[in-house]
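**Student:** I have a structure here, written as structure tokens, and I will follow up with some questions on it.
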Amino acid sequence: MTLANTSNAPLHLRLDGLETALRKLFDNFENAYAAGRFESSGPSMSCRTNFPKYDQILKKALASEQRTTGDKCRVLVAQTGNLGLPDLRWGEHYFQEREVEAQLSGTRFRLHYMDDIGFWQVFDRQHRTGLQLMQSPDGYPDWDPGSPLRNFMHWNLVGKDQGLVHAGTLAIGGTGFMFAGPGGSGKSATVLAGIADGMKSVGDDYVLARIEDGCVNASALFTTLKQDPEGMQRLALNQDNSISSGVNWQGKHQFTLADVNPTSGVADIQVHALFLPHVTGNNTTVIRPAGAKEAFLALAPSGVSQIPGDRDASFAICAKLARDLPCYHIELGVDPKELIGALRSFVDKELL
Amino acid sequence: MPDTSYKVSSADIVFEEFDGDLVVLNLASGQYFGLNSPAAAIWTSLVSGVCPADIANAGPKAKAVNKFVEDLLSFELIFPAPDAKATLKPGEIAALRAIGPEPLIEVYDDLADLIVADPIHDVDQEAGWPNLPTSE
């Protein structure tokens with residue numbers, strides 16, 4: 000059977016009968032998955048595709064599978080209508096994501112769709128299989144190469160005591176900490192300054208947070224870091240030959256932990272504190288206690304808003320983290336060396 | 000209204016407690032709300048089916064309770080559920096007796112706007128989350 004260029008009849012998805020239609024979509028998953036020529040592995044997932052460029056994106060951005068963080072899922076990235084899969088169409092005038100989420104919340108399926116580019120992500124939680132269907136090999140959203148397959152990771156791993164959280168991470172020895180806050184709060188600059196100074200990290204975008212026996216652990220999902228040209232200059236990374244001089248869709252340099260420090264990436268850290276960074280423009284870094292409620296409001300909104308499906312579970316995990324971890328505001332000094340010195344000193348005195 | 004019982008309006012209303020305060024999120028609308036400790040104590044009894052009059056009898060001022068219920072109704076966080084009628088538990092009575100300041104409900108509009116916004120399309124592409132695009 001030749002699957003590679005098979006073009007199939009459209010499958011129109013509607014709110015009414017959506018679960019049945021999604022069952023049909025997965026009818027030929029095994030054959031289609033077997034036809035994928037390139038395979039990448041990431042945390043708790045394997046992905047196949049026939050798109051060499053997308054395979055390279057995955058190999059660069061996915062953290063390596065050093066530790067199994069849950070049951071493994073399989074995701075196929077393909078062009079819609081190919082590999083024996085139906086050509087997916089949304090059969091109603093508008094696609095309303097939250098309506099679809101509500102419709103599917105009690106079912107085994109999760110669905111995300113970007114109607115402007117015809118980008119589909121569908122996950123079967125029962126069989127742990129996923130389909131990312133695009134209009135063309137390049138038909139993914141601009142932000143995707145930084146955290147590819149993020150929604151599948153969320154759908155596969157979210158549970159009562161674990162979930163994806165949007166946070167930067169650093170660790171000194173065995174003591175790890177997370178940084179949470181909105182864009183522009185200085186989260187990424189702090190992580191970069193830390194790893195340039197020899198600290199470890201499990202990532203600076205989405206990480207998997209797990210609460211086990213009263214301890215909080217964070218595991219790597221992505222290797223990607225982003226920073227604007229001004230920040231690169233401030234951190235003296237603008238002359239680093241291993242970092243591409245090109246910028247991404249946000250006007251930021253996009254690179255990996257290993258590009259900054261080949262030994263900085265680790266699979267897991269034990270998290271001892273949650274920091275809420277603030278850019279102040281002051282010369283001196285100040286660290287002071289933060290309430291659990293303000294920590295929660297720094298941590299929860301981006302994850303709950305950006306990742307579709309099971310948002311209540313994301314909300315609950317962020318609340319547990321904010322309650323379980325000591326939380327601190329960190330008013331960032333402008334000099335990265337002073338900032339990292341202050342952080343190290345605080346960790347020595349308060350967290351070890 | 001004082002003798003009516005209420006329930007949380009749907010499964011889309013999720014809430015978490017932090018040192019006596021409450022953060023409530025309406026997943027359908029994306030709106031976040033912050034409830035101070037007195038508001039959280041009233042909320043706990045109210046959504047378990049205790050009517051506002053019984054809550055007010057336990058300690059808080061009736062006017063403040065009724066205003067708080069009106070606010071919750073206007074934010075579509077609760078709905079009348081006469082069949083849900085329940086009585087106060089001893090722990091709830093103690094919490095309501097200890098209520099100090101007025102119950103307050105804060106609406107985090109800055110977060111709500113962003114969560115209601117499509118995170119991919121409606122967020123400022125330069126600044127990223129949580130910045131909405133500048134209106135032209």
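Chains as they are written, first to last, in numbering that gives the first Met the number 0: chain A, 0 to 351; chain B, 0 to 135. Every residue, glycine too, gets a C-beta built ideally from N, C-alpha and C.
1. In terms of residue numbering, what span does the alpha helix (DSSP H) encompassing V303/A cover?
2. What span of residues does the beta strand (DSSP E) with G99/B cover, start to end?
3. So, does the CB of D20/B fall closer than 7 Å to a CB anywhere in chain A?
4. Taking just the CA atoms, how far does A101/A sit from L14/A?
5. Less than 7 Å between the C-beta atoms of A404/A and A179/A, yes or no?
6. So which residues on chain A does G29/B lean against when the C-beta distance must stay under 8 Å?
7. Output the distance between the C-alpha atoms of A291/A and A33/A, rounded to the nearest integer angstrom.
8. Tell me the rounded alpha-carbon separation between L130/A and A62/A.
9. Should I77/B be flagged as near chain A, meaning a C-beta pair shorter than 7 Å?
10. Quick check on L82/A: does DSSP put it in helix, strand or coil?
11. Which residues share a DSSP beta bridge with E15/B?
12. Am I right that L220/A and M152/A are in contact with their C-beta atoms under 8 Å? What's the rounded C-beta distance?
13. Going along chain B, which residues have a C-beta under 8 Å from G290/A?
14. So what does DSSP say about A57/B, is it helix, strand or coil?
15. From the DSSP output, in three-state form, read off S200/A for me.
16. If you count every other CB in all the chains shown that lies within 10 Å of the CB of P288/A, and 16 or more means buried, which is it?
17. Pop quiz: V265/A and A170/A are said to be a contact at Cβ under 8 Å. What is the actual Cβ separation, rounded to whole angstroms?
18. When you compare the CB positions of A341/A and A321/A, do they come within less than 7 Å of one another, or not?
19. Label L113/B either buried or exposed according to how many other C-beta atoms from any shown protein chain fall within 10 Å of its C-beta, with 16 as the threshold for buried.
20. Rounded to a whole number of angstroms, what is the C-alpha to C-alpha distance between E101/B and P85/A?
21. Would you mind telling me which residues of chain A sit closer than 7 Å to L87/B, beta carbon to beta carbon, in chain order?
22. Can you tell which of R36/A, L87/A, S146/A and E18/A has its C-alpha closest to the C-alpha of C59/A?
23. Could you tell me whether the stretch 1-12 of chain B touches the stretch 68-80 of chain B, where touching means 3 or more Cβ pairs closer than 8 Å?
24. I'd like to know if L34/B contacts chain A, where contact means its C-beta is closer than 7 Å to some C-beta of that chain.
25. If we count the other Cβ atoms within 10 Å of its Cβ and call it buried at 16 or more, is A8/A buried or exposed?
26. The beta strand (DSSP E) that contains N352/A, what's its start and end?
27. Check whether the Cβ of N13/B lies closer than 7 Å to any Cβ atom in chain A.
28. At a cut of 8 Å, does the stretch 11-18 of chain B reach the stretch 83-94 of chain B through at least three beta carbon pairs?
29. Is it the case that the Cβ atoms of L273/A and M198/A are separated by a distance below 7 Å?
30. Residues of chain A with CB under 8 Å from L103/B, in chain order?
31. Give me the chain B residues within the contact set of D258/A, using Cβ-Cβ distance strictly less than 7 Å, ordered along the chain.
32. Please confirm whether L24/B has its beta-carbon closer than 7 Å to some beta-carbon of chain A.
33. Counting only the same chain and skipping the five closest in sequence on each side, list residues whose C-beta sits under 7 Å from that of A40/B.
**Tutor:** Well, looking at it:
1. A291 to Q305
2. Neither: G99/B is in no beta strand (DSSP E) and is coded neither H nor E.
3. yes
4. 10 Å
5. Outside the modelled stretch of chain A, which goes from 0 to 351, sits residue 404/A, for which no answer is possible.
6. S304
7. 47 Å
8. 20 Å
9. no
10. coil
11. V22/B
12. Taking C-beta atoms under 8 Å as the contact rule, L220/A and M152/A qualify, at a distance of about 6 Å.
13. F17 and D18
14. coil
15. In the three-state DSSP reduction, S200/A falls in the strand class (E or B).
16. Of the residues assessed, P288/A falls on the exposed side of the cut-off, its CB having fewer than 16 other CB atoms within 10 angstroms.
17. 7 Å
18. no
19. No answer about L113/B holds up, because its pLDDT of 48 lies below 50 and its placement is not dependable.
20. 58 Å
21. Here the premise fails: no neighbours, minimum Cβ distance about 26 Å.
22. Note on identity: in this sequence residue 59/A is Lys, with Cys being the wrong assignment. Ranking the options by Cα distance to K59/A, first place goes to S146/A.
23. As far as the Cβ criterion goes, the stretch 1-12 of chain B touches the stretch 68-80 of chain B, which means the pair count is three or higher.
24. no
25. exposed
26. The shown model of chain A, from 0 to 351, leaves out residue 352/A, and the question about it has no answer.
27. The amino acid occupying residue 13/B in the given sequence is Val; Asn does not appear at that position. Judged by the 7 Å Cβ criterion, V13/B is in contact with chain A.
28. no
29. no
30. In chain order: nothing, as chain A lies at least about 13 Å away.
31. Using a Cβ-Cβ cut-off of 7 Å, D258/A is close to nothing in chain B; its nearest Cβ partner there is about 21 Å away.
32. yes
33. A94, L95 and I98
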